[in-house]
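Asker:
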Amino acid sequence: MPPKKEEITYFSLKREIEQKQFRPIYVLQGEEPYYIDKLCGLIVDNALTEDEKAFNLTLCYGVDVEMRNVIAACKQYPAMSQYQVVVLREAQNVGKAGNKHASEINMLQFYAQKPLDSTILVICYKGGSIKANDFTKELKKTKGVVYTSNKVRDYEVPKLVREYCRSINVNIEEKSVSMLAEHIGSDLSRLFGEIDKLKLLTDAKNTITPDLIERNIGYSKEFNIFELEDAIVSRNQLKAFRIVDYFQKNPKNNPLIPVLGSLFNFFTNILLIQTAKDRSEAGLMEQVNIRSPFRVKKLAEAASSFSKRSCVNIISYIRECDVKSKGQGSRQDPYDLFKELIYKILHS
């Protein structure tokens, strides 16, 4: 059994589970549901075969379960299997109808004092942290584990992309990391699902390249937000307006509001780069809260193409376009407003 004091992360628990080093009780809690669902699924699939699940997997749901029934299930022994798994989903809803949430969860403290070695209890508590001190105190004295799945911040996404790629043994170029992070963001289910799909499409080098992303997850090689940024920075007016025309013809793939949001973040970060006191790579990464060296390098290069005053004006233009495109103070077509915005940016 692994040492109690080691750092509990998704990947450390994943390794344990895949090595069939199971804990008797798992509390999976927090605001990010992806890791909670993923770990729960890993536990079930690694502890039980498909045939064993028929007799040794018990699923309970917090909205309508009584804790005494969960405890009773935990005290049963497996049938023709080394383990039985009891999963309590939606534990945040236990006892809410009678305002007895904490007292119901705390009933588990007595089971936690002496859990069965043949039972794996998995408690999925989404949206926050479990507030049952009697139970969690007992849990910490035993071999159980509490894992908190914190909400993922945008600046953390590139690191998670790299970690996930390492965990599934696929290489990824740094530009590809930035593209996935900015195009998909912190929707981890979709993000990791796309990476899984891209891995199947890699060539002999087993590498996720920008071209692979552009061809397979809704990017056009020339017409995406990154190409628009590059066209703006290089003052390539012809290419910039070709991209705008493409966006207008494909509004589902390139909705205007998120595009404006990306441009707003782009020029805000350029302004932050321009005002940074620490000009080192690490200092600039800290200044803009971006962990991708490739992305920060691109921002630093762009910062030399615009003055601070120009950036301030451009940010104001973007805000004005955002308001008008939502129908506030203007009946003009949103993409006509967008073309006007791009013209202003190119001539700033």
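Using our numbering, read the sequence shown as starting at 1181 and increasing by one per residue. Glycine included, each C-beta is placed from N, C-alpha and C at the ideal position.
Does the structure place the region 1236-1250 close enough to the region 1261-1277 that three or more beta carbon pairs sit under 8 Å?
Answerer: Judged by Cβ distances under 8 Å, the region 1261-1277 makes contact with the region 1236-1250, as three or more pairs qualify.
Asker: Can you list, in chain order, the residues of its chain whose CB lies under 8 Å from that of Y1190, leaving out five sequence neighbours each side?
Answerer: As a working mapping, residue 1190 is identified with position 10 in the sequence shown. Y1215, K1218, L1219, Y1327, S1329, listed in sequence order.
Asker: Looking only at its chain, what residues have a beta carbon closer than 7 Å to the beta carbon of D1334, apart from the 5 residues adjacent to it on each side?
Answerer: Position 154 of the sequence shown, counted from the first residue, corresponds to residue 1334. Once the five neighbours on either side are set aside, the close Cβ partners of D1334 are G1365, S1366.
Asker: Got a sec? Which residues, its chain only, sit under 8 Å from S1505 by beta carbon, not counting five neighbours each side?
Answerer: Counting from one through the sequence shown, the residue named residue 1505 turns up at place 325. Excluding sequence neighbours, S1505 sits near L1436, I1437, L1440, P1514, L1517, F1518.
Asker: Check whether the region 1198-1206 and the region 1319-1326 are in contact - that is, three or more C-beta pairs closer than 8 Å.
Answerer: Short answer: they touch.
Asker: Tell me which residues share the same chain as I1450 and place their Cβ nearer than 8 Å to its Cβ, disregarding the 5 neighbours each side in the sequence.
Answerer: Here the question's residue 1450 lines up with position 270 in the sequence shown. L1479, A1482, A1483, F1486, C1491, listed in sequence order.
Asker: Quick one: give me the first and last residue of the beta strand (DSSP E) that S1329 is part of.
Answerer: Position 149 of the sequence shown holds residue 1329. Looking at the DSSP string, the run of the beta strand (DSSP E) that includes S1329 is 1325-1329.
Asker: Using CA coordinates, which residue listed in L1222, L1301, D1225 is at the minimum distance from V1250?
Answerer: Residue mapping note: residue 1250 aligns to position 70 of the sequence shown, counting from 1. Checking every option, the nearest Cα to that of V1250 belongs to L1301.
Asker: In terms of alpha-carbon separation, which member of A1234, N1236, Y1305 lies closest to G1211?
Answerer: Stepping through the sequence shown from its first residue, residue 1211 is reached at position 31. The sequence shown places Glu at residue 1211, rather than the Gly named in the question. Per the Cα distances, Y1305.
Asker: Which ranges does the alpha helix (DSSP H) cover as unbroken runs of at least 4 residues, wholly within the region 1189-1223, from first to last along the chain?
Answerer: If we require 4 residues or more, the alpha helix (DSSP H) runs fully inside the region 1189-1223 come out as 1190-1198.
Asker: Go through the region 1461-1522 residue by residue and report every complete run of the alpha helix (DSSP H) that reaches 4 residues or more, in order.
Answerer: Runs of the alpha helix (DSSP H) inside the region 1461-1522: 1461-1468, 1473-1483, 1488-1505.
Asker: Quick check on the burial criterion: 16 or more other C-beta atoms within 10 angstroms. Buried or exposed for N1433?
Answerer: Working through the sequence shown from its first residue, we reach residue 1433 at position 253. Looking at its Cβ environment, which holds fewer than 16 other Cβ atoms inside 10 Å, N1433 is exposed.
Asker: According to DSSP, is Q1262 helix, strand or coil?
Answerer: Position 82 of the sequence shown, counted from the start, is the residue given in the question as residue 1262. Reduced to three states, the DSSP call for Q1262 is coil.
Asker: Which of helix, strand or coil does DSSP assign to Y1241?
Answerer: The residue given as residue 1241 occupies position 61 in the sequence shown. Strand at Y1241.
Asker: Since V1302 is in the beta strand (DSSP E), which residue starts that stretch and which ends it?
Answerer: Indexing the sequence shown from 1 puts residue 1302 at position 122. From DSSP, the beta strand (DSSP E) with V1302 extends over 1299-1306.
Asker: Could you check the C-alpha separation between A1259 and I1393 for me, to the nearest Å?
Answerer: Start at 1 with the first residue of the sequence shown, and residue 1259 comes out as number 79. Start at 1 with the first residue of the sequence shown, and residue 1393 comes out as number 213. Approximately 47 Å, taken between the alpha carbons.
Asker: Tell me whether N1386 sits in a helix, a strand or coil according to DSSP, three-state version.
Answerer: Translated into positions along the sequence shown, residue 1386 becomes position 206. Coil.
Asker: Once DSSP output is grouped into helix, strand and coil, what is the label at I1450?
Answerer: Stepping through the sequence shown from its first residue, residue 1450 is reached at position 270. Here I1450 sits in helix by DSSP.
Asker: Use the C-beta contact count for K1200: other C-beta atoms within 10 angstroms, 16 or more gives buried, fewer gives exposed.
Answerer: In the sequence shown, the residue the question calls residue 1200 occupies position 20. Burial call: exposed.
Asker: Which residue comes first and which comes last in the alpha helix (DSSP H) that contains P1338?
Answerer: The residue you call residue 1338 lines up with position 158 of the sequence shown. Run containing P1338: 1337-1347, per the alpha helix (DSSP H) assignment.
Asker: Based on the DSSP output, what are the partners of L1440 in its beta bridges?
Answerer: Taking the sequence shown and counting its residues from 1, the one referred to as residue 1440 is at position 260. L1440 is not bridged to any residue.
Asker: Check for me: the alpha helix (DSSP H) holding V1424 runs from which residue to which?
Answerer: On the sequence shown, position 244 is the one that residue 1424 refers to. Note, V1424: alpha helix (DSSP H), 1417-1429.
Asker: Can you have a look at D1458 and say buried or exposed, based on whether 16 or more other CB atoms are within 10 angstroms of its CB?
Answerer: To locate residue 1458, count along the sequence shown from 1; it is residue 278. Flag for D1458 reads exposed.
Asker: By Cβ distance, which residues of its chain are closer than 8 Å to L1296, with the 5 residues on each side in sequence left out?
Answerer: One-based indexing of the sequence shown puts residue 1296 at position 116. Once the five neighbours on either side are set aside, the close Cβ partners of L1296 are P1204, C1254, K1255, Y1257.
Asker: Evaluate G1373 with the Cβ neighbour count: other Cβ atoms within 10 Å of its Cβ, from every protein chain shown; 16 or more gives buried, anything less gives exposed.
Answerer: By one-based count along the sequence shown, residue 1373 stands at place 193. Label assigned to G1373: exposed.
Asker: What first and last residue would you give for the alpha helix (DSSP H) that runs through K1311?
Answerer: Position 131 of the sequence shown, counted from the start, is the residue given in the question as residue 1311. Unbroken run through K1311: none, as it is neither H nor E.
Asker: Looking only at its own chain, which residues have a Cβ that is under 6 Å from the Cβ of F1427, when we skip the five neighbours before and after it?
Answerer: Counting from one through the sequence shown, the residue named residue 1427 turns up at place 247. Contacts found: N1434.
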